[in-house]
Amino acid sequence: MAETATTNYTKKDFASDQMVRWCPGCGDYAILNAIQNALPRLGRAKEDFVFISGIGCAARFPYYMNTYGFHTIHGRGPAIATGTKLANPKLSVWEIQGDGDALAIGASHFIHAIRRNVDMNIIMFNNEIYGLTKGQFSPTSREGLVTKSTPFGVIDRPFVAGELVIGAQGSFFARTIDTNPKLMADIFVKAEQHRGTSLVEVLQNCVIFNDKTHKAVTSKENRDDFQLHLEHGEPMLFGKDKNRGIIRIGSQLKSATIGENGITIDDILIHDAHSEDNALHLQLIKMHPPEFPMALGVIRAVQAPAYNELVDHQMAEAKANNPITNMDELLNSGNVWNVN
Amino acid sequence: MANVKSLQELDKVVIRFAGDSGDGMQLTGSQFTFTSAILGNDVATFPDFPAEIRAPQGTLEGVSGFQVQIGKTDVYTPGDRADVLVAMNPAALKSNIHWIREGGNLIVDTDAFTEKNIAKAGYDENPLEDGTLDHYNLLKAPIASMTKTALEDLDIDNKAVFRSKNMFALGIMYWLFGRSMEPTEKFLENKFKKAPVLIEANKKALYAGYFYAETVEALPSTYKVPAAKIETGKYRHISGNQATAWGLMAGAEKMGRKLFYGSYPITPASDILHELSRHKQLGVITLQAEDEIAAVCSAIGASYAGQIGVTASSGPGIALKGEAIGLAVMTELPLVIIDVQRGGPSTGLPTKTEQADLNIAVFGRNSESPAIVIAASTPADCFDFGFEAVRLAYEHMSPVLLLTDGYLANGSEPWKIPSMKDLPEIKVKLAEEGSENFHPYTRNPETLSRLWAYPGMKGLEHRIGGLEKEDVSGNVSYDPENHEKMTKLRADKIARVANNIPEQKVEGNGDGDLLMVGWGGTYGAMLTAIKELTEEGYKVDLAHFNYISPLPKNTGEILKKYSKILVCELNLGQFASYLAGIYPGTTFEKFNKIQGQPFSVTELKEKVKNLI
């Protein structure tokens, strides 16, 4: 579906009357703004938007949206959203998660939702910490991080959200950052337009418990050198002068500078988000500073049958082929006998 | 038949088939049942099978049984003791011999009584030769070898021959009871239509068994169980799980909404999923979820979106769903949760029946978390209560837990087919689209249920969730007074469901010296017990409950009339304790059984006789 503007909504139409209660300086404010900016661009009726969340700071999100909203229980948002979408496929279903909600208590629902490819958008706020329970490490916290529950440092190995998405055969994965409102809004629009489960990871800052965890990517001094903004069909260039890029040597990716060691623009990889083969997407997902820039934008967007469409298809086929059209007919079908 | 010694006419007869779980005893038993039902007998069945799909052959663990009672009068249970037991091997004999009455007919496959099998079953000596079976009319039939001889002209492998021996056994039973083989022949033609040679093999084995029994006349008599006097009309056979599935579908059709069933496979509830997944043409959506929690959550998501959200499980799964059911309580969303109870705790006895999930259904969620709890009492009335669960959930905007059990789920009975037009309307109060100042927690003053508005309805956008709600507006509220008010409102809403359910019935003459009280799947045994006791001159009545939470309004009045009350249940007394909490000062005697098996009529009657 192309981006259309058949509705006259503005950002304000999507703000609820509730006071926003995140901590001052929290990255969630910027994400809320970006989603409220993105929705008027989708050309859909307001009553068709549903925001579903689990538990955590991020999960308060639906209260601040003037749409249908359902703040549910910890980790189960994808399962509830699955039922909502299957029950009414006309809805535009958005599911908001934090890294703990999505990848710890709800990890199973997360991968199974992606595997099924129900047409919905999962926006995962990744601040690499538990905020609402006041500062324990999360499944994405880095090794060594000292938190309330790890006074001697984290010894768990962290998940990379995108790796799970690839492992679960995800059809759409994008990554963005809370410091770039335009990139966020553009990605949210693309996520909604994708048919299937769109997983958007937002690198988000928790100002209280894990401040500046993403600074190697997001800070002013790092952002040019450590952000790779991917566009389908465009070369993977980054740096202030766009003179650096990603090349492949053998099966490995390397960060290179054009003009050095004989590297030319022709050596720079072209991003193919639509490639069925997810091997390069996985390599892009795994890149991180200091060896590499962090890949942002739509990393993978491939066509795959959406589960809700398959459900509708089976139902239509059954209706066309099964002579039983109502309960009375079913009740009287098969082995029945009369007692006189 | 010229060579029959005698023909006995019986009002009721109980037959039990037992063999290895690969011997096809469930199929044999259900064929016998179906044929009898078509001939006009009333019937009730009880499959009794192991949790292991194929435990090692010949072992006690692998024995699968199927019991059926057929009668010319009303039959409410599969019967206490078998008049005829078919045992396909020594293990089946050993684990089922206590089910046969003294003097009953015992048919065994002697070919299976090898030294190895006799030892595997734990016998020191061959029970067919040591005199221990002298109390029974024993028919020693070389079933396996005769089946093999009968099928020797056919081009099939040994395995297929071996698998046909259950038809040989069925043939013997058809002769013994003078049954037509036609319904089974039709069944075989349909079942094996892709493999005609198997139709021929099974039919040959069936006839061989029939003619063998006719020829050897080894049993003292054949039997006739005349047709029952049952209400005229169109009938079908239905099992509890199928009836539950169809009741849910009937509820959805009545409301003109899609049925969404989120479920995770679990014994003995899975057949509901299998049944519902076959009916996509009627707008049924089934989701086999990744786990029990996702199953209930997807159902909540579907209810939230305006359809009929249903999930089902057995005890272990219900325990996992608790938090999500609490979410439906808090958000006051309709939801149906079916608990097909089995023996517990933990994994317990997966294939055996029990009634020990009453407490978890009524109380098994954190905090004050009231929900509607109802229970079905026969395989066929699972249809009525499946429908009723949908009706109550949507008329009262609340989760409804429907308790059935393994005995009801797998049991079956003939069922007079209902008509959709005779089922009640389901009255749902929707919010008005585009209404100004819509508040999600605006209540119907009579029922206290909130108005329903769901995504897609214009102008009614609102937020709900698991946090405490401010009365009316539904906004998040931590106000202490508001929390108490809302807690009481949620409880009062469930209490008022009593205005929308039938009064409790008492069966019997209403002036008994003792009131038997039961609930759920024990109905057949308890009803039979009071009927037989009444015939024997005792004054006993029965109050059998289908509505658990809330209880019918006249419950207290009924209890007051009796000086002796005996609560019978397949647990350690959960319903008795529940009643004692609501009606303090009333004395409840208890009769409990927790063996994974239903009550026998005999043991219920004995208990009553001891008390009167």
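Keeping their order, the protein sequence lines are chains A and B.
The first sequence begins at 94 in this note's numbering and counts up one residue at a time.
The second sequence begins at 106 in this note's numbering and counts up one residue at a time.
C-beta atoms are modelled at their ideal positions from N, C-alpha and C, and glycine is treated no differently.
Outcome for Phe704 of chain B when other beta-carbon atoms lying within 10 angstroms are tallied against a minimum of 16 = The residue you call residue 704 of chain B lines up with position 599 of the second sequence. By the 10 Å Cβ count, Phe704 of chain B comes out buried.
Can you list the beta strand (DSSP E) stretches of 3 or more residues lying completely in the segment 156-230 of chain A, in chain order?
-> Counting whole runs of 3 or more residues, the segment 156-230 of chain A contains the beta strand (DSSP E) stretches 161-164, 185-191, 213-219.
Where Thr97 of chain A sits in the DSSP three-state scheme = Numbered from 1 along the first sequence, position 4 holds the residue referred to as residue 97 of chain A. At Thr97 of chain A, the pLDDT of 49 sits below 50, so the modelled position is not reliable; the number obtained from the coordinates is stated separately. Looking at Thr97 of chain A - three-state DSSP - the assignment turns out to be coil, as it is neither helix nor strand.
Taking 9 Å as the CB-CB cut-off, is Tyr279 of chain B touching chain A?
-> In the second sequence, the residue the question calls residue 279 of chain B occupies position 174. Not closer than 9 Å to any Cβ of chain A, the Cβ of Tyr279 of chain B fails to qualify, so no.
Can you find at least 3 beta carbon pairs, one from the segment 171-179 of chain A and one from the segment 201-213 of chain A, that sit closer than 8 Å?
-> Judged by Cβ distances under 8 Å, the segment 171-179 of chain A makes contact with the segment 201-213 of chain A, as three or more pairs qualify.
Please state if the CB of Leu392 of chain B and the CB of Phe365 of chain B are separated by a distance shorter than 9 Å.
-> Here residue 365 of chain B corresponds to residue number 260 of the second sequence, with the count starting at 1. Here residue 392 of chain B corresponds to residue number 287 of the second sequence, with the count starting at 1. Contact: yes.
Quick one: using the 10 Å Cβ neighbour count with 16 as the cut-off for buried, is Met94 of chain A buried or exposed?
-> Mapped onto the first sequence, residue 94 of chain A falls at position 1. The pLDDT assigned to Met94 of chain A is 43, lower than 50, so where the model puts this residue is not dependable; a value taken from the coordinates is nonetheless given after this. Exposed.
Residue range of the unbroken alpha helix (DSSP H) whose run includes Gly352 of chain B = The sequence position of residue 352 of chain B within the second sequence is 247, counting from 1. That run of the alpha helix (DSSP H) goes 345-360.
Could you tell me if Thr138 of chain B is buried or exposed, where buried requires 16 or more neighbouring beta carbons within 10 angstroms of its beta carbon?
-> Within the second sequence, numbered from 1, the residue matching residue 138 of chain B stands at position 33. Burial call: buried.
Quick one: residues in its chain with C-beta nearer than 8 Å to the C-beta of Glu573 of chain B, no 5 flanking neighbours on either side, listed in chain order?
-> Along the second sequence, read from residue 1 onward, the residue named residue 573 of chain B stands at position 468. Met435, Val581, Ser582, Tyr583, Asn587, His588, Met591, listed in sequence order.
Alpha-carbon to alpha-carbon, Ser344 of chain B and Ile663 of chain B | Working through the second sequence from its first residue, we reach residue 663 of chain B at position 558. Working through the second sequence from its first residue, we reach residue 344 of chain B at position 239. Cα to Cα, Ile663 of chain B sits roughly 32 Å from Ser344 of chain B.
Which residues bound the beta strand (DSSP E) around Phe365 of chain B?
-> Within the second sequence, residue 365 of chain B is the residue found at index 260, counting from 1. 364-368 is the extent of the beta strand (DSSP E) around Phe365 of chain B.
Going by CA-CA distance only, name the one from B:Ala400, B:Val505, B:Glu694, B:Ala156 that's closest to Thr724 of chain B.
-> Past the edges of chain B, shown from 106 to 717, lies residue 724 of chain B, and the structure says nothing about it.
Quick one: does Gln412 of chain B have its CB under 9 Å from some CB of chain E?
-> Within the model displayed, chain E is absent; protein chains A and B are what it includes.
Per-residue contacts from Asn220 of chain A into chain B (C-beta, under 8 Å) = On the first sequence, position 127 is the one that residue 220 of chain A refers to. Within chain B, no residue comes near Asn220 of chain A; the closest Cβ sits about 21 Å away, beyond 8 Å.
Give the DSSP-derived three-state secondary structure of Asn108 of chain B in the structure shown.
-> For the purposes of this step, residue 108 of chain B is identified with residue 3 of the second sequence, where counting begins at 1. Low confidence applies to Asn108 of chain B: its pLDDT is 45, below 50, so where it sits in the model is not reliable, and the reading given next is rough at best. Three-state DSSP puts Asn108 of chain B in coil, outside helix and strand.
Between Gly427 of chain A and the rest of its own chain, which residues show a CB-CB distance below 8 Å, the 5 nearest in sequence each way excluded?
-> The residue you call residue 427 of chain A lines up with position 334 of the first sequence. Counting only Cβ-Cβ distances below 8 Å, and skipping sequence neighbours, we find nothing.
For Lys800 of chain B, name the three-state secondary structure that DSSP assigns.
-> The requested residue 800 of chain B is not part of the displayed model; chain B covers only 106 to 717.
Contact set between Met525 of chain B and chain A, taken where Cβ atoms lie within less than 9 Å = Taking the first residue of the second sequence as position 1, residue 525 of chain B is located at position 420. Result: Asn419, Met420, Asp421, Leu424.
With DSSP run on the structure shown, which of helix, strand or coil describes Tyr652 of chain B?
-> Against the second sequence, residue 652 of chain B aligns to sequence position 547. Residue state, collapsed to three classes: strand.
Neighbourhood of Lys253 of chain B by C-beta distance below 7 Å, restricted to the same chain and skipping five residues each side | As a first step, residue 253 of chain B must be located in the second sequence, where it is residue number 148. Closer than 7 Å at the Cβ level, and outside the excluded window around Lys253 of chain B, lie Val266.
Beta-carbon neighbours of Asp396 of chain B, restricted to chain A and to distances below 7 Å | As a first step, residue 396 of chain B is located in the second sequence; it is residue number 291 there, counting from the start. Simply Ser201.
Mind listing the chain B neighbours of Arg137 of chain A? Cutoff is C-beta to C-beta under 9 Å, in chain order.
-> The residue labelled residue 137 of chain A in the question sits at position 44 within the first sequence. What Arg137 of chain A touches in chain B: nothing, since even the nearest Cβ is about 11 Å away.
So, is the C-beta of Trp187 of chain A closer than 9 Å to a C-beta in chain B?
-> On the first sequence, position 94 is the one that residue 187 of chain A refers to. So, not an interface residue.
With 16 other Cβ atoms within 10 Å as the buried cut-off, status of Gln700 of chain B | As a working mapping, residue 700 of chain B is identified with position 595 in the second sequence. Counting Cβ neighbours within 10 Å, Gln700 of chain B comes out exposed, since fewer than 16 surround it.
Taking the Cβ atom as the reference point for each residue, do Ser250 of chain B and Ala306 of chain B lie within a distance shorter than 9 Å?
-> As a working mapping, residue 250 of chain B is identified with position 145 in the second sequence. As a working mapping, residue 306 of chain B is identified with position 201 in the second sequence. Cβ distance not < 9 Å, so Ser250 of chain B and Ala306 of chain B don't count as in contact.
Say whether chain B places a C-beta atom closer than 9 Å to the C-beta of Met94 of chain A.
-> Within the first sequence, numbered from 1, the residue matching residue 94 of chain A stands at position 1. Here Met94 of chain A scores only 43 on pLDDT, less than 50, and its place in the model is too uncertain to base an answer on.
Considering Asp285 of chain A, what are the terminal residues of the beta strand (DSSP E) in which it resides?
-> Residue mapping note: residue 285 of chain A aligns to position 192 of the first sequence, counting from 1. In the sequence on display, residue 285 of chain A carries Glu and not Asp. Careful: Glu285 of chain A lies outside any beta strand (DSSP E), inside the alpha helix (DSSP H) at 274-286.
Same chain, Cβ closer than 8 Å to Gln111 of chain A, neighbours up to 5 away in sequence not counted = The count along the first sequence starts at 1 and reaches residue 111 of chain A at position 18. Result list for Gln111 of chain A: Tyr156, Tyr157, in chain order.
Three or more C-beta pairs closer than 8 Å, one from the segment 636-643 of chain B and one from the segment 594-601 of chain B: is that the case here?
-> no
First and last residue of the beta strand (DSSP E) that includes Asp153 of chain B?
-> In the second sequence, residue 153 of chain B corresponds to position 48, counting from 1. Looking at the DSSP string, the run of the beta strand (DSSP E) that includes Asp153 of chain B is 147-153.
Could you tell me whether the Cβ atoms of Glu694 of chain B and Ile670 of chain B are closer together than 9 Å?
-> Translated into positions along the second sequence, residue 694 of chain B becomes position 589. Translated into positions along the second sequence, residue 670 of chain B becomes position 565. Result yes, Cβ atoms of Glu694 of chain B and Ile670 of chain B sit closer than 9 Å.
Compare the Cα-Cα distances from Gln320 of chain A to each of A:Lys333, A:Gly326, A:Glu327 and report the closest residue.
-> Along the first sequence, one-based indexing puts residue 320 of chain A at 227. That would be A:Lys333, whose Cα lies nearest to the Cα of Gln320 of chain A.
Helix, strand or coil for Gly411 of chain B per DSSP?
-> Looking up residue 411 of chain B in the second sequence gives position 306. Gly411 of chain B falls in the coil class under three-state DSSP.
Any C-beta of chain B sitting closer than 9 Å to the C-beta of Ile148 of chain A?
-> Position 55 of the first sequence, counting from 1, holds the residue named residue 148 of chain A. Chain B contact via Cβ: present.
What does Asn210 of chain A touch in chain B if you count any residue whose Cβ is under 9 Å from its own?
-> Locating residue 210 of chain A in the first sequence gives position 117, counting from the first residue. The premise fails here: Asn210 of chain A is roughly 14 Å from chain B at the closest Cβ pair, so nothing lies under 9 Å.
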